[in-house]
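Residue numbers (my numbering): 1037 to 1275. Quick reminder that beta carbons are idealized off the backbone N, C-alpha and C, glycines included.
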């Protein structure tokens, strides 16, 4: 086949690799359906899952169809395993999820993933962030990692990771815990504040460990509150 002009070459390549409009439309439809059926596996890393999604998305884009990053963000938010729930809740409370970028979401999920790995090695991650021999990639100073650098560009990322750490520490107090979503509870002054969930908490007493059910987790309250009246209704005595 002799192709003389640049237009003839382009038309041939377009027909060869993209097919006609109907064929291309079917390919796009199948790829979008494949994208929507994806779900992150328990053993996958965030990078492996995002690479798998982007592989499908790039094929769609190569066929001439627009595919927004916001659509990828929405997919990841609802298809990652439950172990990433803390990161997603933190994002809900600190950012507008409709405006969050794909990079921000992946960075947040990967930060939690790294913290879990560090815990499995036997130490909390914040102990690795401050070390005499650690060199910050942001300010090039010794003594700390970039994640806790006071540089303006890293402040929000550090705050988000510390919030994740505190959130998980609080949830570790519960023997059993159920997320309630974005539900609000009424407090003494009549205001309503966000409650994340409720569960069972075990407290050591002089007569042994006691379990308290229906304990509500309210992040905005920085103290543990016990209702004497509720305790007495459940058979406890106050000495």
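Exposed unless 16 or more other CB atoms sit within 10 angstroms - verdict on residue i
| i | result |
| --- | --- |
| residue 999 | Past the edges of the chain, shown from 1037 to 1275, lies residue 999, and the structure says nothing about it. |
| residue 1153 | exposed |
| residue 1141 | buried |
| residue 1171 | exposed |
| residue 1062 | exposed |
| residue 1188 | Only weak support is given to the placement of residue 1188: the predicted model assigns it a pLDDT of 45, under 50, and the value that follows is read from those uncertain coordinates. Exposed is the call here. |
| residue 1042 | exposed |
| residue 1247 | exposed |
| residue 1086 | buried |
| residue 1127 | buried |
| residue 1065 | exposed |
| residue 1144 | buried |
| residue 1212 | exposed |
| residue 1045 | exposed |
| residue 1104 | exposed |
| residue 1047 | exposed |
| residue 1084 | exposed |
| residue 1173 | exposed |
| residue 1119 | exposed |
| residue 1181 | buried |
| residue 1114 | exposed |
Spatially closest choice to residue i from the options, by CA coordinates
| i | options | result |
| --- | --- | --- |
| residue 1072 | 1119, 1081, 1058, 1090 | 1090 |
| residue 1220 | 1232, 1214, 1102, 1212 | 1232 |
| residue 1147 | 1129, 1122, 1131 | 1122 |
| residue 1251 | 1239, 1120, 1243 | 1239 |
| residue 1229 | 1151, 1254, 1213, 1249 | 1254 |
| residue 1149 | 1243, 1124, 1235 | 1124 |
| residue 1235 | 1131, 1214, 1088, 1227 | 1214 |
| residue 1151 | 1060, 1068, 1081 | 1081 |
Beta bridge counterpart(s) of residue i as assigned by DSSP
| i | result |
| --- | --- |
| residue 1060 | Answer is none; residue 1060 lacks a bridge partner. |
| residue 1276 | Lying before the first or after the last residue shown, residue 1276 is absent from the chain, which here runs from 1037 to 1275. |
| residue 1212 | 1236 |
| residue 1247 | 1238 |
| residue 1045 | None, per the DSSP bridge assignment. |
Item checked: Ordered list of alpha helix (DSSP H) runs contained in the segment 1072 to 1155, each at least 4 residues -> 1082 to 1098, 1105 to 1115, 1121 to 1130
Check: Counting pairs of Cβ atoms below 8 Å between the segment 1130 to 1141 and the segment 1091 to 1098, do you hit three or more?
Finding: no
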